[in-house]
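To start, the structure itself, in structure tokens.
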Amino acid sequence: MENSLLLKSIEIRRSLLKTIYNANMGHTGSSLSNVDILVTLFYQVMSYKVKDPTWEERDRFILSKGHGVESYYCILADLGYFPEKELDTFCQFKTRLIGHPNNKVPGVEVNTGALGHGLPIAVGMALAAKLDKKGYRVFVVMGDGEQAEGSIWEGAMAASHYKLDNLIGIIDRNRLQITGNTEDIMSLEPFKEKWQSFGWKVIEVNGHDIDELLKVFNSTPKKKDKPTIIIANTIKGKGVSFMENKAAWHHKVPDKKQLEKALLELSSQEGDLGE
Amino acid sequence: MNKIANKQIICDTLIKRGKENRDILVLTSDSRGSASMAKFGEQLPEQLIEVGIAEQNIVGIAAGLASSGKLPFIASYAAFLSMRSIEQIKVDLAYSNTNVKVVGISGGLSYGPLGMSHHALQDIAVMMAIPNMTVILPADRYETEKMTDELLKYCGPVYIRVGRNSVPDIHQSANFDYEIGKALTLTEGDDLTIIATGETVKSAVDSSKLLKEKGIKARVLNMHTLKPLDEKAVIKAAQETACILTVEEHSIYGGLGSVIAQTVIQNYPVPMKMIAIPDEPAIAGQQLELFEYYGISADNIAREAVNLVKRC
Numbered sequence: 001m002e003n004s005l006l007l008k009s010i011e012i013r014r015s016l017l018k019t020i021y022n023a024n025m026g027h028t029g030s031s032l033s034n035v036d037i038l039v040t041l042f043y044q045v046m047s048y049k050v051k052d053p054t055w056e057e058r059d060r061f062i063l064s065k066g067h068g069v070e071s072y073y074c075i076l077a078d079l080g081y082f083p084e085k086e087l088d089t090f091c092q093f094k095t096r097l098i099g100h101p102n103n104k105v106p107g108v109e110v111n112t113g114a115l116g117h118g119l120p121i122a123v124g125m126a127l128a129a130k131l132d133k134k135g136y137r138v139f140v141v142m143g144d145g146e147q148a149e150g151s152i153w154e155g156a157m158a159a160s161h162y163k164l165d166n167l168i169g170i171i172d173r174n175r176l177q178i179t180g181n182t183e184d185i186m187s188l189e190p191f192k193e194k195w196q197s198f199g200w201k202v203i204e205v206n207g208h209d210i211d212e213l214l215k216v217f218n219s220t221p222k223k224k225d226k227p228t229i230i231i232a233n234t235i236k237g238k239g240v241s242f243m244e245n246k247a248a249w250h251h252k253v254p255d256k257k258q259l260e261k262a263l264l265e266l267s268s269q270e271g272d273l274g275e
Numbered sequence: 001m002n003k004i005a006n007k008q009i010i011c012d013t014l015i016k017r018g019k020e021n022r023d024i025l026v027l028t029s030d031s032r033g034s035a036s037m038a039k040f041g042e043q044l045p046e047q048l049i050e051v052g053i054a055e056q057n058i059v060g061i062a063a064g065l066a067s068s069g070k071l072p073f074i075a076s077y078a079a080f081l082s083m084r085s086i087e088q089i090k091v092d093l094a095y096s097n098t099n100v101k102v103v104g105i106s107g108g109l110s111y112g113p114l115g116m117s118h119h120a121l122q123d124i125a126v127m128m129a130i131p132n133m134t135v136i137l138p139a140d141r142y143e144t145e146k147m148t149d150e151l152l153k154y155c156g157p158v159y160i161r162v163g164r165n166s167v168p169d170i171h172q173s174a175n176f177d178y179e180i181g182k183a184l185t186l187t188e189g190d191d192l193t194i195i196a197t198g199e200t201v202k203s204a205v206d207s208s209k210l211l212k213e214k215g216i217k218a219r220v221l222n223m224h225t226l227k228p229l230d231e232k233a234v235i236k237a238a239q240e241t242a243c244i245l246t247v248e249e250h251s252i253y254g255g256l257g258s259v260i261a262q263t264v265i266q267n268y269p270v271p272m273k274m275i276a277i278p279d280e281p282a283i284a285g286q287q288l289e290l291f292e293y294y295g296i297s298a299d300n301i302a303r304e305a306v307n308l309v310k311r312c
């Protein structure tokens with residue numbers, strides 16, 4: 001089963017690279033970085049109904065690092081929220097597949113793009129679930145560079161104040177932001193301790209290990225009355241060797257040769273999985 | 001004459017409606033006292049959400065609550081909500097078209113003695129520039145009560161600016177039709193139109209009485225909704241009266257005067273005069289002292305009206 005998720009991740013990577021190439025625009029490195037987290041959530045963990053995107057009991061998902069939107073759109077298309085053909089309109093004139101999440105697209109809860117907004121919104125959603133005594137969970141994926149925004153910590157304080165154990169934050173900890181290494185731009189370490197001191201249950205995982213991600217997602221909340229933060233250690237540009245760990249790929253678009261090379265690499269990873 | 005603060009009326013109305021509808025929530029940022037929402041918190045403790053001094057967070061949390069079917073009213077300082085939370089208002093509320101009511105309390109020069117940090121004289125300009133935002137300034141208790149009830153049925157983000165202090169009644173009773181986006185004609189006249197908004201409407205109405213003694217018939221329009229603007233009423237005023245005078249408790253840039261001028265110039269240009277706060281850090285003083293100093297007084301409005309009518 002996990003094998004099928006690994007294959008799905010490869011498929012989404014392929015799809016997002018083509019989408020970015022066609023649009024000649026996108027955040028390649030950031031999107032490749034969060035694929036495995038999103039695939040695990042959407043194909044295995046979260047409850048939702050594709051045909052009824054506003055189903056009240058659905059788990060909520062917010063991509064706070066809105067620039068990593070390509071994997072998100074490709075997953076929504078693959079799930080059938082909108083026709084896959086529409087991916088060709090990504091970032092094109094009059095498209096609804098705007099370069100950051102847009103809630104006109106079925107399956108997208110809220111618009112994001114300005115950083116540091118997702119967590120406070122997730123706090124509101126989780127609080128609403130508590131007030132209504134509903135069982136849904138709220139998942140919010142944040143970037144690590146984004147952690148420098150003060151509003152993240154305002155949200156962090158509120159989530160633990162209100163004991164929101166139905167709120168799960170995931171940090172795509174790839175250690176790179178647009179200008180370079182997070183620790184050079186604005187250091188986050190000791191990162192785990194920061195979140196702990198804000199009253200969160202902190203779990204560190206390998207953000208590309210789907211088995212590990214599954215185990216953690218399926219067993220949260222680990223602590224009653226505490227929100228959970230999952231620091232997912234990832235690699236920016238994951239899956240394409242020449243894009244990995246390079247800040248330059250934050251929003252660089254592959255040319256035809258690079259695309260072909262990347263797709264070839266993904267095919268060989270697929271082959272390794274025995275397909 | 002009865003005097004009560006408009007924020008108090010919002011609280012009283014929300015308590016009444018909140019008992020019937022548990023989805024109505026009030027969010028405060030250590031501001032329940034200043035916002036006159038303490039009573040709401042006492043009577044409906046489950047429906048008051050304290051966020052602490054965190055204006056970005058309060059808007060984000062309200063957006064999350066609204067997206068889950070709640071009816072959140074944020075009651076926090078106009079000065080900070082309109083500046084510190086403005087990106088959250090743009091993205092989380094306006095862009096996502098989220099059903100959140102943002103009540104900016106102690107707007108304008110309400111905190112006159114506390115200085116520019118606490119004056120909210122740019123809030124209207126900022127809010128009006130954001131698509132999807134509705135912008136409302138109620139004048140007295142009758143209007144505020146009707147407005148609050150309307151807001152509960154009005155889906156989408158709204159910015160409401162109220163003052164801190166008690167304000168005198170403009171209306172004799174609650175016996176008038178109120179519709180968001182529709183100006184109220186308070187006095188009829190054809191020599192000029194005085195358009196005012198929010199808690200300056202009183203001065204405009206009083207000035208029309210002084211003008212009457214001088215034989216000048218002023219039409220007074222209470223423009224409680226600045227956005228969407230009742231353009232019809234403005235164009236009609238331009239066509240039927242010779243000139244327009246605007247009065248507001250806001251910077252001369254981007255407030256009522258600006259938006260009326262914009263409408264007039266594109267549809268039916270007539271001479272105009274704007275009374276507003278000039279482009280300077282406002283001086284300190286009690287709100288009414290400052291109204292006097294900056295010309296938002298019945299006497300001064302009447303004087304400016306006479307000069308304007310002479311020019312036309």
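Listed in order, the protein sequences are those of chains A and B. Residue numbers are given in full-length UniProt numbering: position 137 of the first sequence equals residue 137, and the series is strictly consecutive. Residue numbers are given in full-length UniProt numbering: position 17 of the second sequence equals residue 17, and the series is strictly consecutive. Quick reminder that beta carbons are idealized off the backbone N, C-alpha and C, glycines included. The structure displayed is predicted, hence computed values, not measured ones.
Using three-state DSSP, classify SER258(B) as helix, strand or coil. DSSP places SER258(B) in helix when its eight states are reduced to three.
CA-to-CA distance, ALA128(A) to TRP55(A), given in whole angstroms: 15 Å
Starting from TYR95(B), find everything on chain A with Cβ-Cβ shorter than 7 Å and list it in chain order. Residues of chain A passing the Cβ test: ASN111.
By a C-beta neighbour count over all protein chains shown, 10 Å radius and 16 as the cutoff for buried, is CYS74(A) buried or exposed? Buried, because 16 or more other Cβ atoms sit within 10 Å of the Cβ of CYS74(A).
Hey, is ASN165(B)'s beta-carbon within less than 9 Å of any beta-carbon in chain A? no
Ordered along the chain, which non-local residues of its own chain (more than five positions away) have a Cβ less than 7 Å from that of ASN174(A)? SER33, ASP144, THR234, ILE235 and LYS236
What would DSSP say about ALA183(B), mapped onto helix, strand or coil? coil
Which ranges would you report for the alpha helix (DSSP H) in the region 222-260 of chain B if only whole runs of at least 4 residues count? DSSP runs (the alpha helix (DSSP H)) wholly in the region 222-260 of chain B: 231-240.
Cβ-Cβ distance between ALA5(B) and VAL167(B) below 9 Å: Yes, Cβ-Cβ distance for ALA5(B) and VAL167(B) is below 9 Å.
Answer yes or no: does any C-beta atom of chain A fall closer than 9 Å to that of LEU65(B)? At a cut-off of 9 Å between C-beta atoms, LEU65(B) counts as an interface residue with respect to chain A.
Okay, do the region 104-124 of chain B and the region 67-87 of chain B touch, 3+ Cβ pairs below 8 Å being the bar? yes
I'd like to know whether the C-beta of ASP92(B) is nearer than 9 Å to at least one C-beta of chain A. yes
7 Å CB neighbourhood of VAL100(B) in its chain, flanking five on each side removed: ALA62, ALA63, ALA66, PRO72, ILE74, LEU93 and PRO157
Answer yes if the region 90-98 of chain A comes into contact with the region 7-20 of chain B, meaning at least three C-beta pairs across the two stretches below 8 Å, and no otherwise. Contact fails: fewer than three Cβ-Cβ distances are below 8 Å.
Taking its Cβ as the centre, do 16 or more other Cβ atoms sit within 10 Å of PRO131(B), making it buried, or is it exposed? exposed
Kindly say whether MET125(A), judged by its beta-carbon, lies nearer than 9 Å to any beta-carbon of chain B. yes
For PRO101(A), which of helix, strand or coil comes out of DSSP? Three-state DSSP puts PRO101(A) in coil, outside helix and strand.
In its own chain, which residues sit with a C-beta less than 7 Å from the C-beta of TYR72(A), not counting the 5 before and 5 after it? LEU38, LEU63 and PRO101
Specify the secondary structure class of residue 279(A) as computed by DSSP and reduced to three states. Residue 279(A) lies beyond the residue range present for chain A, which begins at 1 and ends at 275; the question has no answer from this structure.
So, does the CB of PRO106(A) fall closer than 9 Å to a CB anywhere in chain B? no
Taking the alpha carbon of ARG32(B) as the point to measure from, which residue in ILE24(B), GLY41(B) and PRO281(B) has its own alpha carbon closest? Among ILE24(B), GLY41(B) and PRO281(B), the Cα nearest to that of ARG32(B) belongs to GLY41(B).
Specify the secondary structure class of GLY271(A) as computed by DSSP and reduced to three states. helix
Measure how close the beta-carbons of ASN222(B) and VAL201(B) come, nearest whole angstrom, since I'm counting them as under 8 Å. 5 Å
If we call anything under 9 Å between Cβ atoms a contact, is GLU145(B) one with ILE265(B)? Not in contact: GLU145(B) and ILE265(B) (Cβ atoms no closer than 9 Å).
Would you grab the beta carbon distance between PRO227(A) and ASP165(A) for me? Rounded to a whole angstrom, and I think it's under 8 Å. With a beta-carbon spacing of about 6 Å, PRO227(A) and ASP165(A) fall inside the 8 Å limit used to define contacts.
Within the same chain, show all residues whose beta-carbon is closer than 7 Å to that of GLY285(B), passing over the 5 residues directly before and after it, in chain order. GLY112, PRO113 and TYR293
Classify LEU273(A): buried if its beta carbon has 16 or more other beta carbons within 10 angstroms, exposed otherwise. exposed
Would you mind stating whether VAL45(A) and PHE139(A) have Cβ atoms separated by less than 9 Å? Yes. Within cutoff.
From LYS223(A), TYR162(A) and SER30(A), pick the residue whose C-alpha is nearest to that of ASN245(A); which is it? Of LYS223(A), TYR162(A) and SER30(A), the residue nearest in Cα terms is SER30(A).
Give a yes or no on whether the minimum CB-CB distance between ASN34(A) and chain B is below 9 Å. no
Considering only C-alpha positions, which residue in the set LEU6(A), LEU7(A), LYS18(A) and ILE12(A) is nearest to ASP255(A)? LYS18(A)
Under 9 Å, Cβ to Cβ, is there at least one residue of chain A near VAL51(B)? yes
Counting pairs of Cβ atoms below 8 Å between the region 248-267 of chain B and the region 204-217 of chain B, do you hit three or more? no
Output, in chain order, the set of chain A residues within a Cβ distance shorter than 8 Å of ILE4(B). Ordered by position in chain A, no residue passes the 8 Å Cβ test against ILE4(B), which lies about 31 Å from the chain.
Along the chain, where does the alpha helix (DSSP H) that runs through TYR293(B) open and close? 287-293
Would you call the CB atoms of ARG161(B) and GLY198(B) closer than 9 Å? yes
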